[in-house]
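Asker: I'd like to ask some things about the structure below.
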Amino acid sequence: MENNIYDLIIIGAGPAGMTAGVYGARAGLKVLMLEKGAPGGQMVTTFEVENYTGFEQISGPDLSMKMFEHTQKLGVKYAYGDVYGIEDHKTYKVVKTETENHQGKTVIIATGTLTRKLNVPGEEELSGRGISWCAICDGAFYRNKDVVVVGGGNSAIEEAMYLAGITNKVTIIHRRQEFRADKISQDRAKANPKIKYELDAVVESFNANNGKLGSITVKNVKTNETKDLLAEGAFLYVGQDPVTSMFKGLINLDQRGYVLANVNMETNVPGIFVAGDVRQKELRQIITATSDGAIAAQNALKFIEGMH
Ligand code: NAP
């Protein structure tokens, strides 16, 4: 088995996983990076990144590709893998996927987060028929049409700005008056005449018209009044949930499912590390994900050195 055992298996190829790959490979480790989607994670569906130092402005897909190419130049092995569990055998771990099991001396969990659903009537049935979680993927379908964006965080405001450049009108539906988004983004959105607001408002239902989204019923949470907004597209940005259900029982998670770790990115299981948005932390950004990835890989190296 010694020949087939990786030094480091990274689960997830977002900015955290890819940076761990770069650091691991540069340290001479035999690295496998598994991903079930496209390399880049959430960056792939981000229109523009403006806060990753060194790049005043770069598209999410371009930054993803640059990071991926970096890992490939250094010889990180990249493979498709939908991981459903890890077994801890102390000196080695088994990372299980539907098609194959992989053995590694160390593992870094960098599975990130997935977009949250609103769980209101019409959402399921109209997803892909007007309801989307990715403006950069689907925005072009709504050229010169009216759309809504739901949420008040960075994603909602930034993607609303992107949609305002394509569509006729964007209405941001947010459940309170204050936004979580950075002030610079809020100010830009406020200065954009194509962006309107429905504040203190929640979505009651998404309504079909000829099998596609036609309108959205919103309720004002202060007055309880409801009204229908006509829109052919709805982009939902109501937050994220960590992708950790497959690690429950082995890895210590917080109440919301985020992985608990110390400053060295060590989880409760020796040899298993964590990096990126999936970790319990304050600031979830590309730059903090890459930082986590570097620290996790460095400590995976130390762990392996300590084994000998
Ligand atoms: P987020 O910051 O968690 O914001 C989610 C928004 O959805 C909040 O405004 C929240 O309202 C609202 N919301 C949550 N559940 C809801 C529900 N059931 N009904 C109605 N509204 C609901 O999520 P995000 O915007 O996806 O961002 C995720 C992380 O990535 C954040 O840490 C963010 O800073 C980061 N990010 C950063 C950038 C950047 O730096 N440029 C860009 C994108 C994302 P409340 O405010 O009332 O809770």
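With positions in the sequence shown counted from 1, the corresponding number in the numbering used here is that position plus 67. The beta carbon of each residue, even a glycine, is placed where N, CA and C say it ideally should be. Keep in mind it's a predicted model, so treat the numbers as computed, not measured.
Alpha carbon to alpha carbon, how far is Asn221 from Asp249? Give it in angstroms, no decimals.
Answerer: When rounded, the distance between both Cα atoms is 6 Å.
Asker: Is the closest heavy atom of the ligand NAP to the C-beta of Ser222 under 7 Å?
Answerer: It does: the Cβ of Ser222 is within 7 Å (strictly closer) of some heavy atom of the ligand NAP.
Asker: Taking the DSSP output, what are the residues bridged to Val215?
Answerer: Answer by DSSP bridge pairing, in chain order: Thr238, Ala301.
Asker: If the criterion is Cβ atoms closer than 8 Å, does the pair Ala275 and Leu185 meet it?
Answerer: Cβ distance not < 8 Å, so Ala275 and Leu185 don't count as in contact.
Asker: Let me check understanding here. Comparing Cα to Cα, which of Thr234, Ala367, Val187, Ser312 lies closest to Val305?
Answerer: When each option's Cα is compared against that of Val305, the closest is Val187.
Asker: Examine the ligand NAP and report whether any of its heavy atoms sits within less than 7 Å of the Cβ of Gly219.
Answerer: Yes, since a heavy atom of the ligand NAP falls inside the 7 Å radius drawn around the Cβ of Gly219.
Asker: Using DSSP with H/G/I as helix, E/B as strand and the rest coil, what is Phe208?
Answerer: Correct three-state label for Phe208: helix.
Asker: Taking the alpha carbon of Gln244 as the reference point, which residue from Glu333, Thr234, Asp267 has its own alpha carbon closest?
Answerer: Here the closest residue by C-alpha is Asp267.
Asker: May I ask you to check if the CB of Arg351 is nearer than 7 Å to at least one heavy atom of the ligand NAP?
Answerer: Indeed, a heavy atom of the ligand NAP lies less than 7 Å from the Cβ.
Asker: When you compare each of Gln307, Thr334, Val310, Pro309 to Ile318 by their alpha carbons, which one comes out closest?
Answerer: Minimum Cα distance to Ile318 is reached at Thr334.
Asker: State the Cα-Cα distance for the pair Tyr159 and Gln170, rounded to the nearest angstrom.
Answerer: Their backbone Cα atoms lie some 7 Å apart in a straight line.
Asker: Where does Lys133 fall in DSSP's three states?
Answerer: The answer is helix: DSSP assigns Lys133 an H, G or I state.
Asker: Could you tell me which residues DSSP pairs with Phe314 in its beta bridges?
Answerer: Per DSSP, none; premise fails for Phe314.
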